[in-house]
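Peer 1: The opening position of the sequence shown corresponds to residue 1 in the working numbering, with each subsequent residue numbered one higher.
Backbone N, C-alpha and C define an ideal beta-carbon position, used for all residues, glycine too.
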Amino acid sequence: MKKMNREECINTISQLVSESSTLAVFFHTAVAEQVGLGATDEKTIFILRRDGPLTAGEIAQKTGLTTASVTTLIDRLERKGIVKRMRDKSDRRKVIVQPNNARLAELEQSFNKIQNSFESLLEGYSDTQLETITDFLSRTNEYSHQVLTELSK
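(1) Return yes when the Cβ of LEU122 is within less than 7 Å of the Cβ of GLY64, no when it is not.
(2) What do you get for VAL25, buried or exposed, if any count of 16 or more other CB atoms within 10 angstroms of its CB means buried?
(3) Helix, strand or coil: which one does DSSP assign to ARG76?
(4) Between SER117, THR134, PRO99, GLN109, which lies nearest to PRO53 when the distance is taken from Cα to Cα?
(5) For the structure I just gave you, are there three or more beta carbon pairs, one from the region 68-85 and one from the region 11-28, closer than 8 Å?
(6) By how many angstroms is the C-alpha of ASP91 removed from the C-alpha of THR29?
(7) Confirm, please, whether the CB-CB distance from ILE74 to MET86 is below 7 Å.
(8) Comparing alpha-carbon positions, which option in TYR125, SER138, ARG76, LEU137 lies nearest GLY36?
(9) Which two residues bound the contiguous alpha helix (DSSP H) that contains ARG85?
(10) Quick check on the burial criterion: 16 or more other C-beta atoms within 10 angstroms. Buried or exposed for LEU23?
(11) Which one or two residues does DSSP pair with VAL95 in a beta bridge?
(12) Among GLU7, MET4, ARG6, SER18, which has the Cα closest to the Cα of THR140?
(13) Near GLU33, which residues of its chain fall below 8 Å by C-beta distance, leaving aside the five closest residues on each side in sequence?
(14) What does a CB cutoff of less than 7 Å around THR66 pick up in its chain, not counting 5 residues either side in sequence?
(15) If we count the other Cβ atoms within 10 Å of its Cβ and call it buried at 16 or more, is ASP51 buried or exposed?
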């Protein structure tokens, strides 16, 4: 790879981030379709697995979807046996959405392949490079959350 000046680097990174984002959407769509889901369904499942059981309002906040869209999404996932609605033990008016971990095994197989590939790819970087990549991705995610919050208002 030829040495680039700062402006060329910034432009190239911007293009690569855009391409990476596009590929991620297509990847998640393909994985979700393998088990009869949409990409939004699959990413919501990821959030539930990462963050634990959530209310519909919390899902709306984390995804940027409207509460009506989240209700429809939960209905779809519940029909497929992927999540179940449970009453909150401390406040019976609250409904908690809980993932059915046994049913998610199909999705995990596809993700384990890509996760292992990423880990192998990262092995080729020095600790300093990994720290820079981590910093960049953390800042990118923080910015994306801010934009999503603004778009959801």
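Peer 2: Looking at the atomic coordinates:
(1) no
(2) exposed
(3) helix
(4) PRO99
(5) no
(6) 36 Å
(7) no
(8) ARG76
(9) Run containing ARG85: none in the alpha helix (DSSP H); it sits in the beta strand (DSSP E), 83-87.
(10) exposed
(11) ARG87
(12) SER18
(13) none
(14) ALA60
(15) exposed
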